[in-house]
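Take 1 as the starting number for the sequence shown in the UniProt record's numbering and just add one per residue.
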Amino acid sequence: MSPARARLFTRALRALATVGFVGLVLGAVTARVVWSGESEIAESTAALERGDAYEATVRARRAAGWYAPGAPHVRVAYERLGAIATTAEGLGDRDLALLAWRGIRTAALETRWLVIPHAEDLDRANLAIARIEAAAPRPPGTRTEPPQRIEQRQLAALLRDEAPRTHWVVLLLVSFVAWAGGAAWAVRRSSDAPGAFDVARARAGVLVALLGVALWVLALWRA
1 MSPARARLFT
11 RALRALATVG
21 FVGLVLGAVT
31 ARVVWSGESE
41 IAESTAALER
51 GDAYEATVRA
61 RRAAGWYAPG
71 APHVRVAYER
81 LGAIATTAEG
91 LGDRDLALLA
101 WRGIRTAALE
111 TRWLVIPHAE
121 DLDRANLAIA
131 RIEAAAPRPP
141 GTRTEPPQRI
151 EQRQLAALLR
161 DEAPRTHWVV
171 LLLVSFVAWA
181 GGAAWAVRRS
191 SDAPGAFDVA
201 RARAGVLVAL
211 LGVALWVLAL
221 WRA
């Protein structure tokens, strides 16, 4: 095998090893998430069988937080929280209903990234929380607004998005990759010749790294 082919073969093996390692790590993380979610759902089911609706709600909320795309325990958790909330609201148990609806809302917000996987569940929970809060009993003489206006104000507060804006988060990630990649490129290009350090060859990588730093600072400030 020629030296050029040997170097190419070595690089291919390194790339495959890197991909395999990343896949192994992702697989281990996914297995941990699914195992934890299924365990919480099992505990939630056991609590329901004991008649402990509060514990069942708390456990289902934790299961929803162990999010993995397509994991069956996530859908079960959201459906269970919705069922508990609806039943509790129908029975007049305001505290349990709010606990379940807030569990849906918190889980949906915790597991969002570029998108909100459970956006419909989040909207449903926001509407329910606003409705229940607006109907809450108040001391005589303090309720001067109609319930509809209170509900609108509550809903507006729930819909207020104070999380980092998605496009700036994406730019933050891209700029970090440019920063790290440009620096690595500069080091590699400048040291191609044995025993030499060629600044001119490293110029492009340095410029990419500097651009990445500038964009990273901008994205960090605006996100």
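All C-beta atoms, glycine included, are put in the ideal place defined by N, C-alpha and C.
As the structure is a prediction and not an experimental result, all values here were calculated from the model.
Query                                                                                                                                                                   : Result
Comparing alpha-carbon positions, which option in 113, 70, 207 lies nearest residue 33?                                                                                 : 70
Terminal residues of the continuous alpha helix (DSSP H) containing residue 119?                                                                                        : 119 to 134
Measure the C-alpha to C-alpha separation of residue 109 and residue 59 and round it to an integer number of angstroms.                                                 : 17 Å
Below 8 Å, how does it come out for the stretch 90 to 100 and the stretch 110 to 121: are there three or more Cβ pairs, yes or no?                                      : no
Please report the straight-line C-alpha distance between residue 173 and residue 215, rounded to a whole angstrom.                                                      : 10 Å
Can you give, in chain order, each stretch of the alpha helix (DSSP H) that sits fully within the stretch 45 to 72 and has at least 4 residues?                         : 53 to 65
May I ask you to report which of helix, strand or coil DSSP gives residue 20?                                                                                           : helix
From what residue to what residue does the alpha helix (DSSP H) around residue 113 run?                                                                                 : Counting along the chain, residue 113 falls outside any alpha helix (DSSP H), and DSSP gives it neither H nor E.
Please list, in chain order, all residues of the same chain as residue 31 whose beta carbon is under 6 Å from its beta carbon, the five residues on each side excluded. : none
If you compare alpha carbons, which of 68, 20, 203, 78 is closest to residue 36?                                                                                        : 68
Just checking residue 113 against the ligand FAD - is the residue's beta carbon closer than 7 Å to any of the ligand's heavy atoms?                                     : With respect to the ligand FAD, the structure shown offers nothing to examine, as it has no ligands at all.
Roughly how many angstroms separate the alpha carbons of residue 86 and residue 128, rounded to a whole number?                                                         : 9 Å
What three-state label does DSSP hand residue 92 in the structure shown?                                                                                                : coil
When the distance is taken between beta carbons, is residue 56 closer than 8 Å to residue 77?                                                                           : no
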